[in-house]
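Chemist: Take a look at the following structure, please.
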Amino acid sequence: MKVQRVQIPTPFRVGPVNIYVVGDTLIDAGPLIPSALEILTKAVDLPSIKRLLITHGHVDHHGLASRIRDISGCSVLVHQNDENLVTGYTHQLMNKLFAYKTFLEKAGLSERMIDSFARIYTSYSQFGESCEVEPLKKTVQTEAGALTVIHTPGHTSGSVCFLLDDILFSGDTLLPTISTNPSMHAVFDGRCGLTAYEGSLISLIDLPVLRVLPGHGQIIHDHEKRIQEILQEHARRRHQIIDCLSGGSRSLIDIEKAIFGPIHPSEIVLALAECYDHLRVLERNGFIVRTHEDPIQFALL
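Just so you know, we're using my numbering here: the sequence shown kicks off at 292 and counts up by one.
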C-alpha cells in the first residue's frame with residue numbers, strides 16, 4: 292500500500308504540516324493560504340478524494356477542509372469533541388478570546404504581551420473557514436483498507452490517530468522532535484490536557500506499529516522510545532516546578548520563566564498553558580497548593 296505525503300507550508304512557527312493521501316482518502320488539510328491550496332492541488336487529484344479525515348481541530352490541520360470539499364465533494368470527518376472547532380471556526384475562535392485574555396491577566400502576563408497575543412490570535416481567522424463535518428466512527432473504510440480510529444485526547448479533546456496495518460497516522464499526538472503541548476484548550480476543557488495526553492501516549496505503546504507518520508516532521512520508526520522520551524520530559528518538568536517552589540509561593544509567570552527560560556514571544560502563551568497544566572497535575576496529586584487566584588500563585592504543601 293502506497294502512502295503519499297504532501298508537505299504544506301503554514302504561517303506558524305511549527306513549520307510545514309504533513310498531509311497524507313491513502314488511496315481515495317486524505318488525512319488532514321493544511322491551513323487556508325494560497326500556497327497551500329496550490330501545492331495540494333498540484334500534488335493530489337482532489338476530485339478523486341472521497342473523504343477527508345481530520346486528526347484534530349486546529350487550523351493548520353483543517354483550514355482548507357471547506358475548499359477541498361467544494362472541489363471534490365468529499366465528506367469531512369472529525370471526532371465529535373472537536374466538531375465545533377471546525378463547523379464554527381471563526382465563532383469559536385473569537386468566543387474564546389475573552390476567556391484566554393482573562394487567564395493571561397491572572398497568569399501575570401503584561402498588558403503589552405496580552406495585546407500582542409490578541410492580535411496574533413485574531414489573525415488566525417484568515418487561515419480557516421467553517422466546514423460541515425460528520426462524526427468519526429470506530430473504523431473508516433477506504434479503498435486502501437480499514438482505518439482504525441484511536442481517540443487520543445490531550446492536545447485537543449477530540450484528537451485522534453488512525454491505524455492502518457502497521458502504520459500509525461498520529462496527527463499532533465506523537466511528533467518526532469516537538470513535545471506536544473496541551474494547547475490553550477486545556478485551560479478550560481477538562482477533557483484534554485497533560486493527564487489525558489499522557490494516558491493517550493501510554494495507550495499507543497503496545498500497538499504493533501512499524502512506522503508513525505506524524506502531523507509535522509519526519510517518520511518515527513520507534514514509537515515506544517519516542518513516547519518514553521516525552522513522558523520522561525514531562526516528569527522532569529514537574530520536578531523542575533517542585534524545585535522552583537522550594538523557596539516559597541510563586542506566580543505562574545515567574546514559574547514559567549524559571550522553567551522555560553527565554554523563549555520566543557509567540558510561544559509564551561503556550562508555555563504558560565503547559566506550565567499551568569503541570570501545576571494542576573501536581574495540585575491534584577497533593578504536592579502543591581494554589582495560594583492565590585489573581586494573580587495565580589502556587590506553593591509547596
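Using N, Cα and C, we set each Cβ at its ideal position, and we do this for glycine too.
Helix, strand or coil for I559? Go by DSSP, reduced to three states.
Modeler: The count along the sequence shown starts at 1 and reaches residue 559 at position 268. I559: helix per DSSP, three-state reduction.
Chemist: How many angstroms separate the CA atom of E402 from the CA atom of K392?
Modeler: For the purposes of this step, residue 402 is taken as residue 111 along the sequence shown, with counting starting at 1. For the purposes of this step, residue 392 is taken as residue 101 along the sequence shown, with counting starting at 1. Cα-Cα distance, rounded: 10 Å.
Chemist: Are the beta-carbon atoms belonging to S366 and R342 less than 7 Å from one another?
Modeler: As a position in the sequence shown, residue 366 is number 75, starting the count at 1. As a position in the sequence shown, residue 342 is number 51, starting the count at 1. Yes, these two residues count as a Cβ contact at 7 Å.
Chemist: Of the residues R575, V560 and I310, which one's Cα is nearest the Cα of I481?
Modeler: In the sequence shown, the residue the question calls residue 481 occupies position 190. The sequence as given places Gly at residue 481; Ile does not occur at that position. Of the listed residues, the one whose Cα sits closest to G481 is R575.
Chemist: I'd like to know if the segment 498-514 and the segment 550-562 are in contact, where contact means that at least 3 CB-CB pairs between them fall below 8 Å.
Modeler: Result no; under three Cβ-Cβ pairs closer than 8 Å.
Chemist: From S326, I318 and V313, pick the residue whose C-alpha is nearest to that of I299; which is it?
Modeler: In the sequence shown, residue 299 corresponds to position 8, counting from 1. For I299, the nearest C-alpha among the options comes from S326.
Chemist: DSSP beta-bridge partners for H382?
Modeler: The residue labelled residue 382 in the question sits at position 91 within the sequence shown. DSSP output for H382 lists no bridge partner at all.
Chemist: Our contact map puts G462 next to S470 with C-beta atoms below 8 Å; I'd like the distance itself, whole angstroms only.
Modeler: Looking up residue 462 in the sequence shown gives position 171. Looking up residue 470 in the sequence shown gives position 179. Actually they are not in contact, since the Cβ atoms of G462 and S470 sit about 15 Å apart, beyond 8 Å.
Chemist: Distance check for I345 and T468, CA to CA, integer angstroms please.
Modeler: In the sequence shown, residue 468 corresponds to position 177, counting from 1. In the sequence shown, residue 345 corresponds to position 54, counting from 1. Going by the C-alpha atoms only, they are around 22 Å apart.
Chemist: Contact check, T439 vs L427 under 8 Å by CB: the rounded distance?
Modeler: By one-based count along the sequence shown, residue 439 stands at place 148. By one-based count along the sequence shown, residue 427 stands at place 136. 11 Å between Cβ atoms; not a contact.
Chemist: Pull up the CB-CB distance for H352 and V308, whole angstroms please, since I reckon it's below 8 Å.
Modeler: Taking the first residue of the sequence shown as 1, we reach residue 352 at position 61. Taking the first residue of the sequence shown as 1, we reach residue 308 at position 17. With 8 Å as the limit, H352 and V308 qualify as a contact, their Cβ atoms being about 6 Å apart.
Chemist: Quick one, which of E329, D315 and H569 has its alpha-carbon nearest H530's?
Modeler: Locating residue 530 in the sequence shown gives position 239, where the first residue counts as 1. The shortest Cα separation from H530 among E329, D315 and H569 belongs to H569.
Chemist: Compare the beta carbon distance of T447 and C422 with 7 Å and say whether it is the shorter of the two.
Modeler: For the purposes of this step, residue 447 is identified with residue 156 of the sequence shown, where counting begins at 1. For the purposes of this step, residue 422 is identified with residue 131 of the sequence shown, where counting begins at 1. For T447 and C422, no; Cβs fall outside 7 Å.
Chemist: Using alpha carbons as the reference points, say which of A398, S494, L459 and I411 lies closest to G445.
Modeler: On the sequence shown, residue 445 is found 154 positions in, with the first residue counted as 1. Closest by alpha carbon: S494.
Chemist: For S450, which three-state DSSP category applies?
Modeler: Counted from its first residue, the sequence shown places residue 450 at position 159. Looking at S450 - three-state DSSP - the assignment turns out to be coil, as it is neither helix nor strand.
Chemist: Which residue comes first and which comes last in the alpha helix (DSSP H) that contains T413?
Modeler: Taking the sequence shown and counting its residues from 1, the one referred to as residue 413 is at position 122. Residues E402 to S414.
Chemist: Which residue comes first and which comes last in the alpha helix (DSSP H) that contains H258?
Modeler: Outside the modelled stretch of the chain, which goes from 292 to 592, sits residue 258, for which no answer is possible.
Chemist: Can you give, in chain order, each stretch of the beta strand (DSSP E) that sits fully within the segment 294-350 and has at least 3 residues?
Modeler: The qualifying runs are 295-299, 308-313, 316-318 and 342-344.
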